[in-house]
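Right, one structure below, let's go through it.
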Amino acid sequence: MMQIVTDETKKELRQHGTDDFPFEYYYDVIDEYDIKYIDWHWHPEVEFVYVEDNTVLCLIDGQKITLSKNEGIFINCNTLHRYESVNGGVIPNFLFMPEFIASKETAIFKKYVDPIIHSTTPFFVIKDTETVDLMKKLKEVCVSNEETRELKIHKFSEELWESLYKNASQAFQEGKNHLSRNLAGYRTQTMMRFIHENYSKGIKLEDIAASSSVSKSEALRCFHTSLNTTPIDYLIHYRLNAAAQMLKTRNTKISTVAELTGFENISYFCRMFRRKYGLSPMQYRIKNMQ
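Under the numbering used here, read the sequence shown as residues -1 to 288, first letter to last.
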């Protein structure tokens, strides 16, 4: 099963490409991930995605973007996002460092790359056939073994960036609330880190808010803006993920698993676990025990 591995801030730990060729192509079938969606993560690379089959929901910047077949999205550097699909969406995606287009010192980078990656806009929905067709061509090159593969990957990546610049430059220039969004993101990551370090304890909303020195209402706003959820829902989700991992790898009593992951009431734990995974904790253990 596929899995997104992140640190406590949700930064993805996998390196995309290599230091001398910072580009990577992935062919993701969302149902093949361990939790049936690609969970929250961010990375320093930009990302181009298109939907090859079915429908995909991209959660980003407090919004839920529905992408149908032959539609795509550009996701800016360092932007938290998540992918879901109710029918097994398929998403070819391309990640590369901005410097893959041109070196930072060049006029090309300063004119065409820097304004986008340092803009106030975290994403741009792609619906024009020209840009989607470029992604399809790039995919064909990525899966080929031809001698000039790297040259063609670079060529089509440049063309893809040019298409983005022509179609989206106005949107990137008109973005608003940059400082507010960045501050909300920073505060959210601080509170997420607190949750990851203390989820086994009886923490409450006021404790989560205090970890970032904000009010409860501001904590709610930050999580809604960044993750489109609440701090408590995120806490429960994180606890359930931790419990699922424990059930797969340890032969610990169910009541102990609940206690170790911060659930004070085993009936509530079992009810929430079944709601998330469609199985009781014991059924899940039997099915997934390693």
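Backbone N, C-alpha and C define an ideal beta-carbon position, used for all residues, glycine too. Since the model is a prediction, treat every value here as computed from it, not as a measurement.
Beta-bridge analysis with DSSP links residue 10 to 4. Separation of residue 281 and residue 273 (C-alpha to C-alpha, rounded to the nearest whole angstrom) is 13 Å. Contact between residue 67 and residue 91 does not hold, since the beta-carbon distance rounds to 15 Å and is not under 8 Å. Look at residue 37 here: in three-state DSSP terms it is strand. Assignment of residue 200 by DSSP, reduced to helix, strand and coil, places it in the coil class.
Annotation for residue 15: 21, 22, 94 place their beta carbon closer than 7 Å to its own, counting only its chain and skipping 5 residues before and after. DSSP places residue 64 in the strand class (E or B) of the three-state scheme. In the three-state reduction of the DSSP assignment, residue 90 falls in the strand class. Taking the CA atoms as reference points, residue 41 sits about 6 Å from residue 9. Boundaries for residue 82: no alpha helix (DSSP H) harbours it, while the beta strand (DSSP E) harbouring it runs 79 to 82, taken from the DSSP string. Collapsing the DSSP output to three states places residue 146 in coil.
For residue 188, the secondary structure class from DSSP, reduced to helix, strand or coil, is helix. Residue 46: member of the beta strand (DSSP E) spanning 44 to 48, first to last residue.
Between residue -1 and residue 32, the C-beta spacing is below 8 Å. Secondary-structure assignment with DSSP links residue 55 through a beta bridge to 64, 82. The three-state reading of DSSP puts residue 128 in helix, counting H, G and I together. Excluding its 5 nearest sequence neighbours in each direction, residue 229 has C-beta neighbours in its own chain below 8 Å: 189, 193, 203, 206, 207, 217, 218, 221, listed in chain order.
When the beta-carbon positions are compared, residue 259 and residue 244 come within less than 8 Å of each other. For residue 255, the enclosing alpha helix (DSSP H) covers residues 252 to 258. Residue burial is scored here from C-beta neighbours: residue 276 has fewer than 16 other C-beta atoms within 10 angstroms and is therefore classed as exposed.
Residue environment: residue 237 is assigned as buried (16 or more neighbouring CB atoms within 10 Å of its CB, all protein chains considered). Apart from sequence neighbours up to five positions away, the residues of its chain that approach residue 191 with a beta-carbon distance below 7 Å are 6, 7, ordered along the chain. Here the alpha carbon of residue 13 sits roughly 22 Å from the alpha carbon of residue 158.
Measuring C-alpha to C-alpha distances from residue 119 to each of 74, 2, 29, 242 identifies 74 as the nearest. Restricting attention to 110, 253, 242, the CA atom closest to the CA of residue 284 is found in 242.
Contact annotation: residue 139 and residue 150 have beta-carbon atoms nearer than 8 Å. For residue 26, the secondary structure class from DSSP, reduced to helix, strand or coil, is strand. Taking all protein chains in view, the Cβ of residue 46 is crowded by 16 or more other Cβ atoms within 10 Å, so the residue is classified as buried. Residue 148 sits away from residue 99, with the two beta carbons spaced by 8 Å or more. Residue nearest to residue 115 within the set 128, 256, 162 is 162 (criterion: CA-CA distance).
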